[in-house]
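Chains as they are written, first to last, in the working numbering: chain C, 2 to 361; chain E, 39 to 685; chain W, 112 to 221; chain V, 518 to 738.
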């Protein structure tokens with residue numbers, strides 16, 4: 002009797018866990034695929050749900066059959082008579098060949114419908130270019146007249162078509178709540194069209210292993226109402242104001258103007274990699290830092306944006322994000338705390354007047 | 039004429055293996071049983087290594103923003119964990135058990151090519167050691183077991199790790215192909231009289247299928263890795279888009295091999311299950327030919343589904359739809375197998391030995407892995423789940439819940455035959471339940487975190503994503519999983535010394551290997567049995583319950599009887615077995631040395647000295663190979679079957 | 112039994128191939144090669160499609176000649192045909208599939 | 518056919534002459550190996566075709582295909598000779614096999630020696646071709662120089678990898694032929710000789726077969 006209980010414990014445990022899974026899935030977590038806010042991801046969920054229940058059905062039936070068979074026909078005496086030697090039955094075989102075939106046919110048909118819908122590229126979609134680098138994402142609007150990084154701003158209710166490219170190795174573009182993945186492949190161009198249904202800030206990742214800091218390659222998608230988005234775009238296109246004012250950070254008073262000077266100082270290396278529109282900074286290697294003060298995160302999603310974290314990053318980039326390029330140039334201690342404070346004041350000073358939606 | 043089974047107490051393996059360990063007879067052996075055991079033991083050592091790598095990774099992931107491992111070390115560990123478990127654990131474990139059991143099951147005295155067999159094991163070990171050497175020489179491979187281009191190009195992966203990976207797997211690949219050819223010829227050409235193809239045990243069937251998959255699938259991988267080596271060392275650019283190469287070509291070459299590879303990992307285990315379930319249900323397998331041909335079908339279909347690993351790369355909806363449909367079709371033969379297994383136990387006399395528990399655990403867990411596989415076969419769903427922890431869950435349910443649980447079933451089933459001692463059943467059952475529970479605790483939550491958006495292959499993750507608790511549970515589970523493996527190690531070690539002595543046929547089984555002593559003498563069968571049905575031994579024991587089903591009762595005079603033989607048995611001396619030889623080992627050693635040379639053949643670590651040393655290694659290796667081949671020819675003449683002829 | 116049948120057939124197949132027969136096959140293959148080179152030299156005259164068609168037919172004939180008569184696959188045990196023809200089918204599949212896939216990159220994951 | 522003529526299940530516990538399938542074990546193994554090799558060379562050839570198509574498309578786009586086509590490197594005069602040589606060697610090989618079966622050892626030695634000589638001259642011819650191509654500007658590098666102009670293309674890389682591995686197979690074949698030659702020389706009486714010859718023959722014909730494919734797909738088309 003105890004044996005039986007033990008034998009049945011296993012599928013039971015699995016069932017309990019799968020219930021836990023469903024409950025857990027019901028929570029609207031930052032990156033869950035079960036709370037879509039975009040048409041692409043919603044269509045996938047609409048396909049996944051029936052398939053999931055079919056799967057649960059198959060799971061329950063087959064596991065039950067297995068457990069029942071084992072329990073019912075468990076040997077009860079030491080030398081039981083030899084059971085009847087059944088070698089097979091063609092009709093049954095045919096039956097359980099066809100039964101799964103039918104289920105699979107249904108799944109396939111549903112699949113093909115979703116494929117057709119999700120691979121359609123609306124001609125009216127807004128075109129955005131996304132270029133992946135080790136280990137950050139660059140975004141270009143209007144044929145490169147607007148260049149930003151790590152924050153992808155899109156309008157709500159309008160289809161966007163992301164043109165996906167890779168600058169070095171292969172990456173994978175994933176916004177769980179808006180759309181499924183598409184690879185970013187050096188030497189090839191892929192396209193992903195989707196539409197955000199609600200304003201919000203969404204988590205996104207590089208999903209393909211792309212080297213040392215693959216785990217640190219993230220970005221945010223910021224979906225704004227049409228009007229707000231237009232505002233963001235015009236604001237972004239205008240150059241940042243001349244730096245002024247001071248900022249209290251890491252116990253020091255940072256001066257924006259001095260920060261700008263440090264940034265522009267070739268010896269400090271900043272401008273050899275970074276661009277800030279309307280300044281001498283024309284480096285093309287690193288992310289474009291224009292209006293940096295409005296960034297959601299620092300170092301491509303590694304740290305939430307704050308002046309403290311920015312100072313931490315400038316203090317020793319390599320420790321924040323192993324292997325990253327800036328860490329090989331800006332070594333710990335190369336910038337004095339005062340210089341860091343000034344730079345933070347400068348960078349944080351460049352803010353856009355845009356009302357951001359909540360995290361979804 | 040049911041045969042009374044007498045307990046064997048005369049030949050105990052303890053006495054057989056007492057005194058100093060006979061190194062020579064092992065290192066120079068060509069006996070398929072010894073070679074099989076070397077395979078099994080070394081594969082198990084690699085299993086422990088791969089497990090340690092997994093535990094280190096789980097500790098790192100146990101908490102968000104953890105700093106237990108550096109990013110680079112983590113990447114090396116997950117690369118080596120997968121490479122180890124696939125190429126150095128499951129594959130060789132299958133080969134090892136097959137090596138030991140297949141010739142016995144078909145009533146042969148050895149594999150078709152005993153020396154080639156010896157070469158395979160030493161070449162496999164050489165490749166494995168070369169791979170692990172990379173840890174000591176400046177960094178293990180860090181590009182993932184899938185080695186996607188262009189990350190594996192030298193400018194993105196400058197350490198020699200990937201070169202070790204290419205050449206190490208190259209050696210194991212040659213070993214696999216040689217081994218597969220050996221299995222093909224053995225199974226097709228060494229069967230005992232009357233052992234027709236449709237009477238072969240299903241384990242033999244699956245080994246035949248897998249051997250064909252190996253020789254047809256490995257070449258594309260070989261070509262891919264050769265091209266990768268040219269990229270890294272000889273100025274090629276096959277997979278380097280910056281210079282006109284194509285990153286997708288690697289993926290297609292790799293997965294054209296890589297998908298059949300997963301059937302290479304699972305089919306032999308399905309064969310084991312198809313042997314174990316009938317024995318412990320005291321019934322024949324239900325639908326023998328359906329089970330056999332579903333295996334063949336899976337083998338063929340495995341070659342037209344490779345691109346379902348690449349739904350995200352932009353092949354377009356039409357191509358994706360084709361590969362999706364083809365992949366779904368594979369679920370049908372797989373389902374057929376599962377249903378037949380359940381039907382085999384139906385109305386049987388089901389004896390829940392440890393082996394049987396593991397067999398059922400295999401089915402139960404494989405069902406889960408199969409179902410999650412269906413969701414992954416649907417491109418839209420796959421685009422959310424691929425490269426997330428959902429896939430990690432799926433692959434561990436088929437590879438651990440599938441292959442490895444099945445291998446434990448095989449271990450408990452055949453251990454008595456291989457060692458002459460029974461494994462302790464009570465400990466075995468405890469181990470089974472600890473492993474089953476901890477396995478699910480470890481891997482089931484991965485479905486959840488994957489669905490909640492956790493990408494795979496990340497060495498760290500931020501807090502507050504809702505992943506923390508599940509990752510912590512997984513990490514805890516890992517330790518219990520490791521504990522269950524330790525229980526097994528203890529069981530093996532203690533049973534080897536004090537385990538109950540195994541008779542010829544402790545499980546009242548049906549196939550030929552149980553007719554001869556445990557462990558069998560070097561020549562296996564004193565009299566080559568004559569087979570007249572699918573369950574030769576069973577039919578001899580239970581004539582009233584005999585036969586193939588479709589042929590009715592046994593239709594020809596069978597000559598299957600228990601043999602109580604050893605090396606001293608009269609007549610045994612007259613059986614000519616191939617003599618021991620070191621040539622295969624020297625040949626494999628030579629190839630390994632040459633491979634090591636190739637790792638550095640075009641590297642500027644110490645400038646010229648490195649190149650000279652590397653070239654030296656290559657030349658020494660070639661010389662060793664040449665010497666070994668000469669010795670090989672001499673030995674093969676010494677006991678050539680042609681010269682052994684009298685007429 | 113069946114195995115013996117194949118095996119006798121097998122033996123005969125070899126007696127059938129006398130030295131003279133091999134010379135004939137060799138001659139035919141030589142002729143084919145000559146034609147291949149010849150049409151290569153006049154390929155601009157006969158047009159690309161026709162050129163390719165003829166060329167493929169000729170070289171398939173050539174390969175078949177080598178496999179069937181020099182390697183004696185024709186009339187040899189069926190298992191040899193199996194272990195050669197099956198991978199050959201996979202090989203052709205691989206080649207065509209890859210050439211199709213790499214002929215053009217759609218660029219949509221769908 | 519000697520191997521099958523002593524057909525019976527041997528008790529030697531060794532690879533039997535004729536097993537449960539009525540065929541020689543080594544021959545079965547070699548055929549399976551040839552099957553595996555077929556996929557090996559297919560992968561190499563396919564790689565070459567993919568990248569050649571790409572180079573062609575790119576040259577066509579630049580309107581340079583007419584005079585910059587890498588095929589201009591591959592003069593077919595030499596290759597036709599090489600093809601003829603390999604074909605002839607297949608003939609001599611099969612004649613050697615026939616001689617070995619009818620135990621005409623003098624004839625056998627003559628034809629096998631002819632095969633060896635033809636095979637070696639193929640290897641030499643290919644070595645000459647390679648050096649020639651290097652001198653002309655086609656190298657194992659992702660670009661080639663033709664009439665002073667540099668073209669970014671993998672033609673050289675894929676071409677040398679593919680033909681190089683074929684050449685390696687021919688070389689191994691020649692060594693194998695030599696081994697068989699001397700073995701038969703040394704043990705003329707030993708009954709497994711014809712099978713040894715048949716095995717090396719199968720391998721040799723397969724290598725010839727690969728060249729038939731390469732000659733057509735790479736040189737002529």
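Glycine included, every Cβ here is placed at the ideal spot set by N, Cα and C. Note that the coordinates shown come from a computational prediction; the quantities given were computed from them, not determined experimentally.
Specify the secondary structure class of residue i as computed by DSSP and reduced to three states.
i, result
"residue 149 of chain C", "strand"
"residue 355 of chain E", "helix"
"residue 592 of chain E", "Confidence at residue 592 of chain E is low in this model, with a pLDDT of 48, below 50, so its placement is unreliable and the value that follows should be read with caution. Correct three-state label for residue 592 of chain E: coil."
"residue 250 of chain C", "strand"
"residue 73 of chain C", "helix"
"residue 153 of chain W", "coil"
"residue 582 of chain E", "helix"
"residue 597 of chain E", "strand"
"residue 332 of chain E", "helix"
"residue 617 of chain E", "coil"
"residue 320 of chain E", "coil"
Among the options, which has the Cα closest to the Cα of residue i?
i, options, result
"residue 637 of chain V", "V:615, V:737, V:689", "V:689"
"residue 181 of chain W", "V:603, V:663, V:642, V:736", "V:603"
"residue 619 of chain V", "V:715, V:730, V:540", "V:715"
"residue 664 of chain V", "V:672, V:653, V:670, V:673", "V:653"
"residue 166 of chain E", "E:118, E:484, E:91, E:672", "E:118"
"residue 701 of chain V", "V:624, V:666, V:722, V:556", "V:624"
"residue 256 of chain C", "C:345, C:279, C:355, C:352", "C:345"
"residue 59 of chain C", "E:569, E:222, E:428, E:376", "E:376"
"residue 98 of chain E", "E:583, E:345, E:514, E:602", "E:514"
"residue 314 of chain E", "E:201, E:396, E:371", "E:396"
"residue 239 of chain E", "E:333, E:158, E:61", "E:333"
"residue 581 of chain E", "C:83, C:259, C:159", "C:83"
"residue 136 of chain W", "V:605, V:572, V:734, V:675", "V:605"
For residue i and chain C, any beta-carbon pair shorter than 8 Å?
i, result
"residue 216 of chain W", "yes"
When you compare the CB of residue i with every CB in chain E, is at least one pair closer than 8 Å?
i, result
"residue 190 of chain W", "yes"
"residue 109 of chain C", "yes"
"residue 293 of chain C", "no"
"residue 556 of chain V", "yes"
"residue 669 of chain V", "yes"
Cβ atoms of residue j and residue i: under 8 Å apart, would you say?
i, j, result
"residue 208 of chain C", "residue 176 of chain C", "no"
"residue 474 of chain E", "residue 399 of chain E", "yes"
"residue 537 of chain V", "residue 228 of chain E", "yes"
"residue 168 of chain C", "residue 186 of chain C", "no"
"residue 320 of chain E", "residue 586 of chain E", "no"
Please report whether the beta-carbon of residue i lies at a distance below 8 Å from any beta-carbon of chain W.
i, result
"residue 693 of chain V", "no"
"residue 638 of chain V", "no"
Does the beta carbon of residue i sit closer than 8 Å to a beta carbon anywhere in chain V?
i, result
"residue 383 of chain E", "no"
Worksheet item: Are the segment 535 to 548 of chain E and the segment 460 to 475 of chain E touching, with three or more C-beta to C-beta distances below 8 Å?
Response: Because the criterion of three Cβ pairs below 8 Å is met, the segment 535 to 548 of chain E and the segment 460 to 475 of chain E touch.
Touching by the beta-carbon criterion (3+ pairs, under 8 Å), the segment 583 to 591 of chain V and the segment 702 to 714 of chain V: Segment contact: the segment 583 to 591 of chain V against the segment 702 to 714 of chain V, fewer than three CB-CB distances shorter than 8 Å; contact not assigned.
Quiz item: For the 8 Å Cβ check, are there 3 or more pairs between the segment 102 to 118 of chain E and the segment 211 to 228 of chain C?
Solution: Yes: at least three Cβ pairs fall under 8 Å.
Check: Does the segment 616 to 628 of chain E touch the segment 568 to 580 of chain E, meaning 3 or more C-beta pairs lie closer than 8 Å?
Finding: Fewer than three beta-carbon pairs drawn from the segment 568 to 580 of chain E and the segment 616 to 628 of chain E are found closer than 8 Å, and the two stretches are therefore not classed as touching.
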